[in-house]
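For reference, the structure discussed in these notes is given below.
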Amino acid sequence: MRLTGALPNFVVFAALIAVAVIADLTGNPYIVTLATKVAIFGLAGVGLNLALGYGGLVSFGHAAFFGLGGYVTAILASHAASATPVATFPFTMMGTNEMLAIWPFAILVAGFAALVIGALSLRTKGVYFIMVTLAFAQMLYYFAISWPTYGGEDGLSFYVRNTFPGANTFAPLQFFGICATMLAITMVLVALLTQSRFGLALRAAKENETRVIASGIKPFAIRLTAFVLSGMVAGLAGALFADLNRFVSPTMLSWHMSGEIIIFVILGGVGRLAGPIAGAAVFITLEYLLGPISDHWQALLGFLLILIVLFAPKGLMGLALGKRGNA
Amino acid sequence: MTALLDLSDVTAGYGAVQALFGVTLALREGEVLALMGRNGMGKTTTVRVIMRMLPLTGGTLFFDGRDIARLSSYRAAQAGLGLVPEGRRCFAPLTVAENLSVAARPGDWTLPRVLELFPRLGERMGQAARTLSGGEQQMLAIGRALLTNPRLLILDEATEGLAPVVRAEIWTAIRALKGQGVSILVIDKSLKELGSVADRAVILERGQAVWQGPMSELGEDVVNRHLGV
Amino acid sequence: MPEPILTLSHLSKSFGALKATDDVSLDLRPGEIHALIGPNGAGKSTLIKQIAGEIRPDSGSVTFEGQAIDDLGPADRARLGLARSFQVSSVVPGFTVLQNVMLAVQGASGASFRFIRPALSDRNLTAPALFHIQHSGLDGRETVKAADLAHGERRRLEIAMALAMRPRAFLLDEPMAGMGAEGAHDLTAILAELKSEAPILLVEHDMDAVFALADRISVLVYGKVIATGTVDEIRKNPEVRRSYLGEEA
Amino acid sequence: MLLLAEQVLNGLQYGMMLFLMAAGLTLVFGVMGLINLAHGSLYMVGAFACAAVAAATGSFWLGLAASLAAAAALGALVEIVVIRRLYARDHLDQVLATFALILVFSEGTRWLFGSFPLYLSLPPVLSGAVTLPGGLIYPAFRLAIIVIGVLVALGLFWLITRTRLGIRIRAGEADREMIAALGVDIAKLYTMVFALGAALAGLSGALVGSVQSVQVGMGEPVLILAFVTVVIGGIGSIKGALIGALLVGMTDTLGKALLPGLFARFMEASAATSVGSALASMLIYVLMALVLIWRPTGLYGARA
Amino acid sequence: EGVKVGMITTLSGGGAGLGIDVRDGFQLALKMAGTSDVELIVEDDQQKPDIAVQIADKMIQSDQVDVLTGIIWSNLAMAVVPAAVAQGKFYLSPNAGPSALAGAGCDKNYFNVAWQNDNLHEAAGAYANSAGYANSFMLAPNYPAGTDAIAGYKRFYEGAAAGEVYTQLGQTDYAAEIAQIRNSGADSVFFFLPGGMGIAFMKQYAESGVDIPLVGPAFSFDQNILQAVGDAALGVRNTSQWNKDIDNPANAAFVEAYQAEYGRLPSLYSSQGYDTANLLLSAMAKADLKDADAFRAALEAADFASVRGDFAFGPNHHPIQDIYVREVVKEGDVYTNKIIGTALEDRGDAYAAECKM
Ligand SMILES: Nc1ncnc2c1ncn2[C@@H]1O[C@H](COP(=O)(O)OP(=O)(O)OP(=O)(O)O)[C@@H](O)[C@H]1O
Ligand SMILES: Nc1ncnc2c1ncn2[C@@H]1O[C@H](COP(=O)(O)OP(=O)(O)OP(=O)(O)O)[C@@H](O)[C@H]1O
Ligand SMILES: [Mg+2]
Ligand SMILES: [Mg+2]
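Residue numbers (the numbering used here), protein chains in the order written: chain L, 1 to 327; chain D, 328 to 556; chain Z, 557 to 805; chain R, 806 to 1109; chain W, 1110 to 1466.
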């Protein structure tokens, strides 16, 4: 029973790897880049799904964590490039070019932000929660736009990708490999998490809070934990995204970005482990294929999305899986 | 004489799960028919099919000589079907007054009459249905259905959660309705009350009518076999 | 007389002008079923909610096993061993019957922050859950989603979940409702057996069950306890007959 | 002093403008419970319809009628073809579908009208400034917006709370299957109300667009602002939406007007303007966060 | 042998008009030159920096373009240009000219064919002096380009500041700001509000009964926007390095051909796209792209007939050009601009000194 549940997720992931490898072998680095983008947004989506899909916490503010992860990366990298300290108080902190040193920071900063935002936002529910999380993300967004130190609206470039021991991160396939590995690890962890006792409580709280409380479990703590973990994953994804582009800007913090990640999750299938990957893959592929057809490709994309919503009620993964239970 | 409500060999289900395996029953004008069966045997499913809340996968469904198998729910209701659903299903954010008026249609049953039957509701007119007590919600669901002035009233466990006095009043009201010529399909766990009101009974088991006949013929053996008491 | 497990003293709660419970004092002693009856809207469920901690009383206090629990939230009270069932079934619709009952076991066990081991292969959860499912007459339905259950089956699940918490006291709000004749009969047997494990505060309109089960009965009318006594005392009480029982008794 | 009075008036007026922009959403989202991200698109459609018809006929009023008609028709179409199939589904499917509609509408409009802003201006009766008692010179259209906003608010309030249509719609929101089983053709009502919501969006698009700009993408900021307004007020409450709108309008306007000056008291001038304005742009989100943390279901939303 | 050009520009969404004009101007120049040596690939960046970066990666890695161009927005340019030139590609900017790329961040392979971002604001400041304004109210959105605009204006403007207000990016209601203007005692208002912001501001300003004269850079008075503003813009002075009435043969040919080809008047952006293509063609005529140094030298020579008249590159590869003052007028049914004077002559930019290359 567990195996059939895992198989579709594995297939989606394997397909992503296959596309990247074949594209690399046939000399299509851009397709590798797109696959990397799918892996990164997939990762952000897997993170969001933890809150949204399993916990019912529709965060419209995950761009905040995604963007923070990105900004941490860019700030550390740009300080490393200019050999200036990031901070001198309370201790001197220098920049770094090491992904392995950057990620923990990105994850922690995003996680801390998620802790604060989550603790405040979780007082509300449903649409109100959507809007409070949006509010916090918008505050960060406007702050980033007008704060000149790190480029404001213009964003911040750091020109060379950060390094990873034993890998040439500038080679598209190798960077893809790093992203895909992080994605795989996260997927395994999330899969375990959702089936665990914690996951049981989390999913129950989504559907019937009163019952969970009456069983002696406090939904707030459960949800906050899920929200923070979710924000941390988004932060890691943001760090990778920054490295993909070697550039960050406030658009990473904007509500469009939050919306996009939500769309990937819904498109792929809410609460399906590999759903966000499928969603991101289909969306990005459509963008890529439709773009050259017409200047008005976005309308075509819109029509296709509508068809998908109408005919695939449980998202793409639901469509592929038929009526079988949640994976 | 043709039946007011006529189900023949009706099958239905929820997705892949079939719940009704060929239900045949008829209810004559002016009659009170009891629909009985243990938990999960398909009583509510039958009601949902009649109310067009669930599609038939087979069989026929006639109301007043008219094929209603393909009608949408609201048309079936407009044709004269009134429902007190299982689990009350009051409109939670609406007030009592709004719940009562939302679908009211002119006829014998008017607001004052309903409030006379359930004085408790009169005291709570401005309160949101969500905050009513369980029994008050049940009264509201009954009142709401009565105010649509149906030709056939369907009561799915309408006395659940009502205090004994109120329950007795409901049965009195059902008798009165019957006296006015309203037809009634009733599901209830109280054999005693059903026995005094219903003309005929149908017993469902695993989605099939396994017994039907006049209430007077419902013997102890049948009850033991099919209702497990 | 043994010390009460649960004591309510002077609980009052108003909604606007309406006094839903009005200076209610009662207690629940080990080994007993204390039935709480009264007309619709008398305040029975409101009282249960105040004991469970879902509603804060305007005044008065609740003592559980010698400890004042007024400052505890509903989850903490449940953890202390106050299990409740809901008048309108409140289960997790998307969960299977098994998962629902496992949730109750997990809540009572207090260990929800375990992230790695799959719950379904945790015998500490599944074994008690399966036991209670069987006990409540839901065997064979373990893998059916709660949303797909018939009404009466869902009522049984509600009971199974309360039982699975193995509490120190039960607060059951109309457990017989929707059960059907057979179900009510089964449940009567279960409760009769259960009370030796933990006492039960039973709100119920099914008088056959109440009269068969109750050790004591309290009658609530317009938020006030108008009588407390044995089955026979209550049956004979003219005020109760008039305002509640009607012709029946 | 006059300046402060004028800014307060501006805040009120901006609030009314926000209410107008959010009015359609109050109906569709607040009352019908439908997350309609395409609200801004319907606003845009109204503005474009008004601009196109006004340009062709030379009459703003015909344009205004066209904006109502076009948005209502499109709303009805969308409801019948797409939205109707989603009521029984997860709310999130509505998010995806209406997001897709934004893409379709934006690019569709660009395809029809090109990429450049269109001309739409107020009719002479509404243009120019009037002098208010107290010597305040104030643009006529802004006064008109206040009046129209009040009328729309009253109309909606009456519709939702006083008519059977309103009661039925709210019942449908609570339990769609049940209201149908009571003999109400809820599908038709929903189409009508969605169309009405769309028409209101279109109307505000035409009115507000005529003093702002009529261009593709004009609906996006409106979308967010409208949601902010409705949510601060509390979902489902017309009064809440109105008060929420006024609060947002006041906060935004006074924040812009006063914050930079406030900061200048203890900061260096240029830093003060930029910090002050940065804070001013965040202010409505700060307001929303505070309101919701204080009252988790908005100012007038139903308490659980 | 041919040159492969990758154009990254905004073709969808609200900002599409600018990208379309740049692309059309560029393509027109290629068509008029009748050359088949240039292979042009155009991609839509959706006005999103990350998409722009990814397209740039694609054009460089997969399509192996030699020259990149097309970006409209400064933030997108900042995302794309440094990495592209670091990989040895040439980048010709048809619009954005952020200060970072003109000063310390300049590059030998980066050429700007439009202006340094401050230029038109500087010209507005210079014009304000000549018009005798001594107390200006300044208004711009609160983001780097906005602060640069006001800084640029003040670089030449010698009068006092009646007020300095930063609005929210994307703001569409300006009642509060107009009230401040009315009460500020200003004798002139300088504003930089690109796109829809400017349209909204001007309409509301016209309705407000305030009649303090406006000045601003050309962006809010461009051919395609003016039609939407209508009468509210009439008479406003704005600064631009180009206008359709600049009297030279290249411009006359361009304006005529553009109208014939696309059925609309060219905009500022069209002219910049057109000049960009002609710069490229002029360099191709002189040198082979294989020889990057020679090609660069050929670009630096800027040996083409610019529609704006005299054109040369400064040491940081940004234009040295005249910047004009225009006034919005109505010709028949069409709102357009006519040149009424020159604000700055042979203006380079303020950052050239910081550029070391
Ligand atoms: N929404 C649903 N989805 C799937 N299966 C369902 C659903 N509702 C009911 N069922 C199943 O259909 C069968 C018949 O259920 P139904 O509700 O008709 O029973 P019932 O006779 O009304 O029982 P009760 O006395 O408990 O109300 C049951 O096995 C039940 O599990
Ligand atoms: N939030 C509330 N606001 C206003 N009135 C309320 C609220 N909650 C409950 N009430 C009222 O309080 C009274 C007591 O309700 P309660 O649910 O306790 O009754 P009950 O005794 O459980 O009745 P039943 O037997 O019908 O379930 C009812 O009249 C109800 O309408
Ligand atoms: Mg049933
Ligand atoms: Mg109750």
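Here a beta-carbon is modelled for each residue, glycine too, at the ideal position from N, C-alpha and C.
Neighbour flag for residue i against chain W, beta carbons, 7 Å
| i | result |
| --- | --- |
| residue 923(R) | yes |
| residue 859(R) | no |
Neighbour list for residue i in chain R, Cβ cutoff strictly below 8 Å
| i | result |
| --- | --- |
| residue 411(D) | By Cβ distance, chain R contributes nothing, its closest Cβ being about 10 Å from residue 411(D), past 8 Å. |
| residue 313(L) | 894, 898 |
| residue 63(L) | The premise fails here: residue 63(L) is roughly 13 Å from chain R at the closest Cβ pair, so nothing lies under 8 Å. |
Cβ neighbours of residue i in the same chain (closer than 8 Å, five flanking residues each side left out)
| i | result |
| --- | --- |
| residue 293(L) | 300 |
| residue 1064(R) | 1081, 1082, 1084, 1085, 1088 |
| residue 563(D) | Nothing about residue 563(D) can be read from this structure; chain D reaches only from 328 to 556. |
| residue 1020(R) | 921, 922, 923 |
| residue 370(D) | 362, 363, 364, 483, 514, 531 |
Coil, strand or helix - residue i by DSSP
| i | result |
| --- | --- |
| residue 559(D) | Chain D is shown from 328 up to 556; residue 559(D) falls before or after that span and cannot be answered. |
| residue 1263(W) | helix |
| residue 1464(W) | coil |
| residue 780(Z) | strand |
| residue 773(Z) | strand |
| residue 1157(W) | coil |
| residue 590(Z) | strand |
Within chain R, the residues that residue i reaches when beta carbons sit closer than 7 Å
| i | result |
| --- | --- |
| residue 475(D) | 987, 988 |
| residue 1275(W) | 1078, 1079, 1082 |
Beta carbon proximity, residue i to chain R, threshold 7 Å
| i | result |
| --- | --- |
| residue 401(D) | yes |
| residue 494(D) | no |
| residue 184(L) | no |
| residue 78(L) | no |
| residue 419(D) | yes |
Residues near residue i in its chain [Cβ-Cβ closer than 6 Å; skip 5 each side]
| i | result |
| --- | --- |
| residue 1200(W) | 1177, 1190, 1193, 1194, 1219 |
| residue 957(R) | 828 |
| residue 1250(W) | 1276, 1278 |
| residue 1360(W) | 1416 |
Min CB distance residue i to chain Z below 7 Å
| i | result |
| --- | --- |
| residue 115(L) | no |
| residue 174(L) | no |
Within-7 Å CB hit, residue i to chain D
| i | result |
| --- | --- |
| residue 592(Z) | no |
Within chain Z, the residues that residue i reaches when beta carbons sit closer than 8 Å
| i | result |
| --- | --- |
| residue 462(D) | 595, 596, 597, 761 |
Residue-level contact to chain L via CB, residue i, 7 Å cutoff
| i | result |
| --- | --- |
| residue 1171(W) | yes |
| residue 1121(W) | yes |
| residue 1162(W) | yes |
| residue 631(Z) | yes |
9 Å Cβ cut-off: residues of chain L touching residue i
| i | result |
| --- | --- |
| residue 697(Z) | Result: empty, since nearest Cβ-Cβ is about 16 Å, beyond 9 Å. |
C-beta neighbour in chain C for residue i, strict 7 Å
| i | result |
| --- | --- |
| residue 153(L) | Among the protein chains in the structure shown, which are L, D, Z, R and W, there is no chain C. |
Same chain, Cβ closer than 7 Å to residue i, neighbours up to 5 away in sequence not counted
| i | result |
| --- | --- |
| residue 105(L) | 72, 76 |
Within chain R, the residues that residue i reaches when beta carbons sit closer than 9 Å
| i | result |
| --- | --- |
| residue 309(L) | 887, 890, 891, 894, 898, 899, 901, 902, 905 |
Beta-carbon neighbours of residue i, restricted to chain L and to distances below 7 Å
| i | result |
| --- | --- |
| residue 670(Z) | 196, 197, 198 |
Which runs of the alpha helix (DSSP H), 4 residues or longer, sit entirely within the region 1353-1413 of chain W? 1358-1371, 1377-1395, 1401-1410
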